[in-house]
Amino acid sequence: MSTNSAAFTSTSPYVTAQLAVRLGASLSAGDTLLLEGDIGAGKSHFARALIQSRLAEPEDVPSPTFTLVQVYDLPECELWHADLYRLNDPDQVVELGLLDAFETAICIIEWPDRLDDLAPADALTIRLDDPDQSDMRNITFEWQNPAWTKRVTEALP
Ligand SMILES: Nc1ncnc2c1ncn2[C@@H]1O[C@H](COP(=O)(O)OP(=O)(O)OP(=O)(O)O)[C@@H](O)[C@H]1O
Ligand SMILES: [Mg+2]
């Protein structure tokens with residue numbers, strides 16, 4: 076499969092959140108988003124906006140920095156939000172139940188480099204870069220599964 080890509084420049088946290096909400100509307104069980112980017116790039120901000128838009132009842136969306144995963148019950152399926160920054164052994168991915176979740180849930184993964192080769196091949200990778208310490212973020216999408224093409228295109232403004 077060939078790699079497809081798209082790029083977008085967000086000018087504010089609000090613009091990033093709107094993008095997350097639009098993309099989030101297209102997600103269903105078995106979809107995984109891999110959120111890359113340095114500390115403070117906006118991974119949790121993106122995840123929080125997406126998750127809140129899919130919850131039936133509003134609830135807090137804390138960063139799963141210490142718990143590693145936070146599971147939400149959406150009306151349709153579970154949504155797993157993981158922050159793997161503190162994961163030091165890929166075996167933990169199995170212990171956390173993430174491999175099963177990749178099949179059965181919507182998964183949003185921060186610091187997906189910690190997965191090594193356990194990341195699903197059909198995931199959508201979203202990279203946020205903060206080039207100049209302002210509110211601007213360069214957001215890059217990469218995917219191999221052609222099912223993402225329409226969804227990414229429609230989520231972009
Ligand atoms: N255009 C933008 N898009 C997203 N976030 C932005 C933007 N401009 C400023 N920000 C701010 O950048 C911060 C990003 O913090 P966030 O916790 O989402 O980072 P993170 O990538 O999850 O970091 P960590 O690796 O520590 O988990 C937020 O305070 C957010 O408001
Ligand atoms: Mg984060």
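Numbering (the numbering used here), first residue to last: 76 to 232.
Every residue, glycine too, gets a C-beta built ideally from N, C-alpha and C.
Quantities reported herein were computed from a predicted structural model and do not represent experimental measurements.
For residue i, three-class secondary structure by DSSP
i	result
D106	coil
W155	strand
R161	coil
A122	helix
D197	coil
Q208	coil
F216	strand
F177	helix
A100	coil
V90	helix
L203	strand
E185	strand
Contact check, residue i vs residue j, beta carbons under 8 Å
i	j	result
I201	T107	no
R212	L199	no
S80	E217	yes
A104	T215	no
G99	R129	yes
Y293	I126	Because residue 293 is not part of the residues shown, which for the chain are 76 to 232, the question remains open.
Same chain, Cβ closer than 7 Å to residue i, neighbours up to 5 away in sequence not counted
i	result
L171	L143, V144
S59	Only positions 76 to 232 of the chain appear in the structure, and residue 59 is not among them; the question remains open.
T239	This structure gives no information on residue 239, because the portion of the chain shown stretches from 76 to 232.
Contacting residues, own chain, Cβ-Cβ under 8 Å from residue i (five flanking each side not counted)
i	result
S101	R226, E229, A230
Contact set for residue i: own chain, Cβ-Cβ below 6 Å, skip 5 residues either direction
i	result
R97	A230
L162	R189
Measuring from each Cβ to the nearest heavy atom of ligand 2, keep the ones under 6 Å and list them in chain order. K118, S119, S138, D158, E185
Taking contact to mean 3 or more Cβ pairs, one atom from each stretch, closer than 8 Å, check whether the stretch 185-193 and the stretch 87-98 are in contact. no
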